[in-house]
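Residue numbers (our numbering): 31 to 223.
Think of the CB as a built atom: it goes at the ideal place given N, C-alpha and C, for glycine as much as any other residue.
Below is one structure, written out as structure tokens, with a few remarks after it.
Structure follows, in structure tokens:
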């Protein structure tokens with residue numbers, strides 16, 4: 031929801047950052063890889079009890095992940111860049127979940143449910159994007175939903191910083207993911223027949 035509706039407020043910052051990175055000679059795919067490397071360190075920081083650092087690198091990765099798309103649209107977007115971007119996004123999320131699971135094994139069952147709900151929601155999202163003829167500013171049809179990447183980062187941040195409530199926060203995240211999945215499934219039925 032925030033990615034769809036609040037983007038217009040942060041887009042000027044992403045435009046300026048993308049212009050700077052393009053001027054210094056970086057490509058969108060190079061920024062995607064940089065974002066990925068920064069992002070996966072979040073799980074390592076969680077495991078090592080550096081929770082504030084985990085959150086900082088998670089959000090830095092998320093910002094660069096938004097910037098790389100802006101860079102691609104300003105230059106020459108590629109299908110491979112889209113695959114790289116979407117795949118690396120999931121690995122960053124997996125890194126956070128694994129960091130939490132290994133650091134707090136008593137919450138592993140809830141984190142497993144979260145992983146399952148994310149897989150279900152992403153399957154719907156990516157399948158609708160692949161079979162839909164509608165296009166947006168992205169290289170595939172982007173289904174808006176209650177939980178998009180920014181909401182996920184907010185929930186991951188809460189889970190990292192308030193890990194004493196990890197199971198409750200994780201189950202809330204599961205509920206939001208499932209709501210979004212069924213919301214997108216209903217939209218898919220409407221637009222695809």
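When you compare the region 76-90 with the region 43-54, are there three or more beta-carbon pairs, one atom per stretch, that lie closer than 8 Å? no
Looking only at its own chain, which residues have a Cβ that is under 6 Å from the Cβ of residue 175, when we skip the five neighbours before and after it? Taking the chain shown and counting its residues from 1, one reaches residue 175 at position 145. Answer for residue 175: 210, 213, 214, listed in chain order.
Quick check on DSSP: helix, strand or coil for residue 56? As a working note, residue 56 is residue 26 in the chain shown. It is coil, neither helix nor strand.
Given that a residue counts as buried once 16 or more other Cβ atoms are within 10 Å of its Cβ, and exposed if not, what is residue 222? Here residue 222 corresponds to residue number 192 of the chain shown, with the count starting at 1. Burial call: exposed.
Would you identify the three-state DSSP class for residue 98, choosing helix, strand or coil? Residue numbering aside, residue 98 sits at position 68 when the chain shown is read from its first letter. Three-state DSSP puts residue 98 in a helix.
Check the C-beta distance from residue 83 over to residue 183 and give it rounded, since I have them as a contact under 8 Å. Sequence index remark: in the chain shown, residue 83 carries index 53 (1-based). Sequence index remark: in the chain shown, residue 183 carries index 153 (1-based). Between residue 183 and residue 83 the Cβ distance is about 15 Å, and since that is not below 8 Å, they are no contact.
What's the call for residue 55, buried or exposed, on a 16-neighbour Cβ count within 10 Å? Against the chain shown, residue 55 aligns to sequence position 25. Per the 10 Å Cβ criterion, exposed.
Can you give me the start and stop residues for the alpha helix (DSSP H) that residue 119 sits inside? Along the chain shown, one-based indexing puts residue 119 at 89. Unbroken alpha helix (DSSP H) run through residue 119: 109-133.
Can you give me the Cβ contacts of residue 148 inside the same chain, cut-off strictly under 7 Å, excluding the 5 residues immediately before and after it? Position 118 of the chain shown holds residue 148. Contacts found: 123, 207.
Kindly indicate which residue of 135, 93, 205, 154 has the alpha-carbon position closest to the one of residue 25. A query on residue 25 cannot be resolved here, the shown segment of the chain reaching from 31 to 223 and no further.
Closest Cα partner of residue 127 within the set 53, 196, 218, 41: For this step, residue 127 is matched to residue 97 along the chain shown. Taking only the C-alpha atoms, the option nearest residue 127 is 196.
Answer yes or no: do residue 98 and residue 61 have a C-beta to C-beta separation smaller than 7 Å? As a first step, residue 98 must be located in the chain shown, where it is residue number 68. As a first step, residue 61 must be located in the chain shown, where it is residue number 31. Cβ atoms of residue 98 and residue 61: closer than 7 Å.
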